[in-house]
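A.B. asks:
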């Protein structure tokens, strides 16, 4: 489960106490992915006419404080991936660094960081590969050589799993990678 959200800082009437409460909330929840931007006073919107508009520099400062705080959280989360194996959707190849890049189930395209990796053989864009995470640089992860998932290597088992937090069943696909003899549930 990946918890992600976006916040606006400096909405009219936001007090320093409100901002501090939000900062503490973010520290406590530890979102996996978080975006924050300063409120923008848009013409012809009700909020543009609200009293207690926040100074532009203060809005930017608040957003910067939250994003810096989140970068520390994301670094700790990313460090937890070191040494783990992760399934990656291949998004492309960067000629300038000689590496493929992709994203995990946790990452949105063009928003979140990337997983950078090499491959012994060419990898098709849009395919899935397994990589072992070897380094964390900011929001980007670096991995060793990719292991490509091929259809002939997979056995699919489709069933239902009871989720105790809820009172219903959730569909699940459990697939076994015959090559690596690993079982990987996908909710």
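Residue numbers (the working numbering): 954 to 1140.
Even for Gly, the Cβ is constructed at its ideal location relative to N, Cα and C.
When the distance is taken between beta carbons, is residue 976 closer than 9 Å to residue 1006?
C.D. replies: Their beta carbons are not under 9 Å apart, which means residue 1006 does not touch residue 976 by this criterion.
A.B. asks: Taking Cβ to Cβ, would you say residue 986 is nearer than 9 Å to residue 1064?
C.D. replies: Result yes, Cβ atoms of residue 986 and residue 1064 sit closer than 9 Å.
A.B. asks: DSSP on residue 1101, reduced to helix/strand/coil?
C.D. replies: With a pLDDT of only 48 at residue 1101, under 50, the local geometry of the prediction cannot be trusted, and no value is derived from it.
A.B. asks: Would you kindly work out how many angstroms separate the C-alpha atoms of residue 1083 and residue 1042, rounded to a whole number?
C.D. replies: Each residue's Cα considered, the two are about 9 Å apart.
A.B. asks: Considering just the uninterrupted stretch of the beta strand (DSSP E) at residue 1015, what are its terminal residues?
C.D. replies: Here residue 1015 belongs to no beta strand (DSSP E); instead the alpha helix (DSSP H) covers 1009-1032.
A.B. asks: Counting only the same chain and skipping the five closest in sequence on each side, list residues whose C-beta sits under 8 Å from that of residue 1062.
C.D. replies: Counting only Cβ-Cβ distances below 8 Å, and skipping sequence neighbours, we find 1044, 1056.
A.B. asks: Going by Cα to Cα distance, which pick from 1074, 1093, 1085, 963 is closest to residue 1012?
C.D. replies: Measuring from the Cα of residue 1012, the nearest candidate turns out to be 963.
A.B. asks: If residue 1096 sits next to residue 1086, beta carbons under 8 Å apart, how far is it from one beta carbon to the other, in whole angstroms?
C.D. replies: The Cβ separation is near 5 Å, so the contact holds.
A.B. asks: Determine the extent of the beta strand (DSSP E) in which residue 961 is found, giving its start and end residues.
C.D. replies: Residue 961 -> beta strand (DSSP E) spans 957-962.
A.B. asks: Could you tell me which residues DSSP puts in a beta bridge with residue 979?
C.D. replies: Residue 979 pairs with nothing; no bridge assigned.
A.B. asks: Mind checking which residues open and close the beta strand (DSSP E) that includes residue 1086?
C.D. replies: Counting along the chain, the beta strand (DSSP E) containing residue 1086 begins and ends at 1081-1090.
A.B. asks: By Cβ distance below 6 Å, which residues in the same chain neighbour residue 1070 in space, the five residues on each side in sequence not counted?
C.D. replies: If we look at residue 1070 and ignore the five residues flanking it on each side, its Cβ neighbours are 1053, 1084, 1096, 1099.
A.B. asks: Using the three-state DSSP reduction, which class does residue 1047 fall into: helix, strand or coil?
C.D. replies: If DSSP states are grouped into helix, strand and coil, residue 1047 belongs with the strands.
A.B. asks: Do residue 959 and residue 990 have their beta-carbon atoms positioned less than 9 Å apart in this structure?
C.D. replies: A contact, by the Cβ cut-off of 9 Å.
A.B. asks: Give me, in chain order, the residues of the same chain whose beta-carbon lies closer than 6 Å to that of residue 1088; leave out the 5 immediate sequence neighbours on both sides.
C.D. replies: Closer than 6 Å at the Cβ level, and outside the excluded window around residue 1088, lie 1095.
A.B. asks: Across which residues does DSSP place residue 1040 in a beta bridge pair?
C.D. replies: Looking at the DSSP assignment, residue 1040 forms a beta bridge with 1083.
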